[in-house]
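Chains as they are written, first to last, in our numbering: chain A, -8 to 373; chain B, 545 to 692.
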Amino acid sequence: MDWKRTRESADAWHMTDDLHVEHGKGDPFAAAIRATRMSMIITDPRQADNPIVFANDAFLRLTGYQRQEVLGRNCRFLQGPKTDKAAVEKLRKAVDGVVDTSIDILNYRKDGSTFWNALYISPVSNDRGELLFFFASQLDVSDRKRSERRITADKERFEKAVQERTQELEAALEARTTLLHEVDHRVKNNLQMIASLILMQRRTIKDEAARQSLTTTLERIEALSTMHRRLYQSKDVGRLDVSDFARDLISDLLTASGRTHINSKLDLEPVSISAEKATPVALIVNELVTNALKHAFSEQPDGTATGNIGIRMSQPDGHLNIEVSDDGVGMAGTVSETSFGMRLIKSLAKQLHAEIGWHDAAPGTKVVISIPNEPQHKENAS
Amino acid sequence: MIEPLKVLIVEDEALLAMELESLVEEAGHSVVGWATSSAEARKAVDTTDADIAFVDIHLTDGPTGVDVARYIGERRKSMVVFMTANPKRIPDHFAGAIGVIAKPYTMNGLLSALRYLQEGVRRPPPKSARPAGFTLSPAFETVWAPTS
Ligand SMILES: Nc1ncnc2c1ncn2[C@@H]1O[C@H](COP(=O)(O)OP(=O)(O)OP(=O)(O)O)[C@@H](O)[C@H]1O
Ligand SMILES: [Mg+2]
């Protein structure tokens, strides 16, 4: 055994010589290793400090050393101050553990310049599993490292730019929202002023017909007020949920009428509409509900009127459908063309490109409006 | 018959204050003072004896309504209801106020709010339904409108 081992050791040495001198000529593998552009070395772990016992020309070209300067030395002369300690430690572990490893490590040439070395080391053992040498190949990957670093830097720069732009846009949006709120605040204060003016005027009037006419005007202004209050309460000041508006409106009109025997029946899906549509929709719904309250229910001898007013809102594909119904006296198919309320409803419906129809609900009246509305999911729209 | 309320109005718009005063009085309550700035409001608070103060957020000296509410709260003399077109300016804790009547309110909305507040101040918790356009502060929500 001992004998064999010594022989192999000696062979290993000789192989080095042989590679340079004789055997190389006859051995195509040795010739290939000597001549390849891939830098390669062999070290002998059985000698003290695992020295280099073979280095090909590519290794010498890569590192700038002469052959006699590297033979017999441990590879660590390739390391320098900027070499990553953790990488060195990983190498040491692989050598101690007799396993192969590959690692990118910063190495130094003889002239002190650096290069990124994609190092691959593998142990070579004989058939009996005894470690003979380490084979190592080096590949200069400085270019790859440079572009990796450039890509990382580019990415960081890009991310920073995106972040800055996002912040700018968020600030702009915030400023826009504040401004919108400010304008909205004034609109609402002015609506309150208009309502106050009408109320003050009404106090001075004795004539019942004139008072009634101011009351109708006040109702219309207040429908807009209710809608604007809801518009501002929604998260997005450009849109509102008309079903919230309808709830507020009918409870307000019912209590204001003082007719406790008239009930509301609401069947409301949440339907979001844009601010431009809000005003005409608010006015139409107000006209229809006040009409039902004023005209549909005849008074009992005790002065009370009984009945139901229903509002339904739904949104089948791209439409907002509103239905205002009552179970009162009905309109007997006579839809006035000339009265102001009807003209207002029809003009507003035209503005909304809506279809509107009065139906005999026997008992009572059912008015159905279908308004083209944009898709409901905001992510999909705009 | 529940005892009517004595009301202090803190509002910089004369027109709105005037009309509010008429509505409050028509509903059977009385108005004990009207202030247009935070300084006037402080003086009115010290010299009158109101049950409830309707306080706008934006007064002639800026957005000082919340300070006025805090001042009233510290003196423990009356209760506060904000009355503003800009409810988002109100801090989350409402500076101790009962809630907010959002402008523009409707005439009926205001009358309902007065009825609700009269019940709430005289015989809490109020029996009537909370009117549309009236929002309770979180603190009063738990006392006046506990979710059964
Ligand atoms: N739901 C209803 N039930 C019974 N009759 C109705 C109903 N809606 C409308 N009408 C009848 O149609 C007429 C026209 O209504 P319209 O809204 O145009 O006028 P108005 O309500 O009388 O006055 P204003 O112009 O102030 O609205 C009413 O006067 C009433 O006779
Ligand atoms: Mg009408």
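A virtual CB, placed ideally from N, CA and C, is assigned to each residue, including glycine. Source: prediction; values computed, not measured.
Outcome for residue i when other beta-carbon atoms lying within 10 angstroms are tallied against a minimum of 16
| i | result |
| --- | --- |
| A23 of chain A | exposed |
| I616 of chain B | buried |
| F331 of chain A | exposed |
| T691 of chain B | exposed |
| S89 of chain A | Strictly speaking, residue 89 of chain A in this sequence is Val, with Ser absent from that position. Under this definition V89 of chain A is an exposed residue. |
| T608 of chain B | buried |
| W(-6) of chain A | Caution applies to W(-6) of chain A, whose pLDDT of 43 falls short of 50 and renders its modelled position unreliable; the value that the coordinates give is listed next. Answer is exposed; the Cβ neighbour count stays below 16. |
| N117 of chain A | exposed |
| T54 of chain A | buried |
| I362 of chain A | buried |
| L160 of chain A | exposed |
| K268 of chain A | buried |
| E213 of chain A | buried |
Which listed residue (the options) has its alpha carbon closest to that of residue i
| i | options | result |
| --- | --- | --- |
| M304 of chain A | A:L339, A:V233, A:L245, A:D91 | A:V233 |
| D636 of chain B | B:K671, B:R619, B:S681 | B:S681 |
| R619 of chain B | B:T628, B:D595, B:M627 | B:D595 |
| Y111 of chain A | A:T54, A:N299, A:D102, A:D95 | A:D95 |
| V174 of chain A | B:K671, B:H573, B:N630, B:R586 | B:N630 |
| L130 of chain A | A:W107, A:V315, A:S116, A:D102 | A:W107 |
| N47 of chain A | A:L69, A:A127, A:D118 | A:A127 |
| K179 of chain A | B:R614, B:L658, B:T650 | B:T650 |
| D318 of chain A | A:G249, A:G301, A:H176 | A:G301 |
| N364 of chain A | A:K337, A:P354, A:N312 | A:N312 |
| V272 of chain A | A:M31, A:L222, A:D308 | A:L222 |
| R135 of chain A | A:R250, A:M333, A:A109, A:R148 | A:A109 |
Length of the line joining the Cα atoms of residue i and residue j
| i | j | result |
| --- | --- | --- |
| L122 of chain A | F45 of chain A | 16 Å |
| D75 of chain A | E165 of chain A | 47 Å |
| I253 of chain A | T281 of chain A | 12 Å |
| A676 of chain B | S574 of chain B | 24 Å |
| E685 of chain B | V326 of chain A | 47 Å |
| R28 of chain A | T157 of chain A | 50 Å |
| R674 of chain B | H350 of chain A | 35 Å |
| K514 of chain B | V610 of chain B | Residue 514 of chain B falls outside the range modelled here, since chain B spans only 545 to 692, and no answer is possible. |
| H176 of chain A | H344 of chain A | 30 Å |
| V115 of chain A | I33 of chain A | 10 Å |
| S379 of chain A | S93 of chain A | Residue numbering for chain A in the displayed model covers -8 to 373; residue 379 of chain A lies beyond these limits and cannot be assessed. |
| V359 of chain A | A296 of chain A | 24 Å |
| D352 of chain A | L274 of chain A | Note on identity: in this sequence residue 352 of chain A is Ala, with Asp being the wrong assignment. Whole-angstrom Cα-Cα distance: 23 Å. |
| V61 of chain A | T143 of chain A | 36 Å |
| A163 of chain A | L339 of chain A | 35 Å |
Beta-carbon spacing of residue i, residue j below 8 Å
| i | j | result |
| --- | --- | --- |
| L549 of chain B | L654 of chain B | no |
| R666 of chain B | E547 of chain B | yes |
| P42 of chain A | G63 of chain A | yes |
| L215 of chain A | E278 of chain A | no |
| V644 of chain B | I634 of chain B | yes |
| E563 of chain B | L190 of chain A | yes |
| N652 of chain B | T329 of chain A | no |
| L552 of chain B | A597 of chain B | yes |
| A613 of chain B | G640 of chain B | yes |
| R230 of chain A | S187 of chain A | no |
| R194 of chain A | P648 of chain B | no |
| L284 of chain A | L244 of chain A | yes |
| I601 of chain B | T580 of chain B | no |
| V599 of chain B | F626 of chain B | yes |
Residue-chain proximity (residue i, chain A), Cβ-Cβ < 8 Å
| i | result |
| --- | --- |
| A646 of chain B | yes |
| I689 of chain B | Per the sequence shown, the amino acid found at residue 689 of chain B is Ala instead of Ile. With 8 Å as the cut-off, A689 of chain B does not count as an interface residue toward chain A. |
| G609 of chain B | no |
| E557 of chain B | yes |
| S566 of chain B | yes |
| S681 of chain B | no |
| L658 of chain B | no |
| E685 of chain B | no |
| L560 of chain B | yes |
Interface flag, residue i vs chain B, CB-CB below 8 Å
| i | result |
| --- | --- |
| R334 of chain A | no |
| T217 of chain A | yes |
| Q203 of chain A | no |
| T168 of chain A | no |
| D243 of chain A | yes |
| K179 of chain A | yes |
| Q183 of chain A | yes |
| A186 of chain A | yes |
| D239 of chain A | yes |
| A209 of chain A | Here residue 209 of chain A turns out to be Leu, not Ala, going by the sequence shown. Yes, L209 of chain A counts as interfacial toward chain B. |
| A378 of chain A | Since the first and last residues shown for chain A are -8 and 373, residue 378 of chain A lies out of range. |
| E165 of chain A | no |
Closer than 7 Å: residue i CB and nearest ligand 4 heavy atom
| i | result |
| --- | --- |
| S330 of chain A | Questions concerning ligand 4 fall outside what the structure shown contains, since the ligands it does hold are ligand 1 and ligand 2. |
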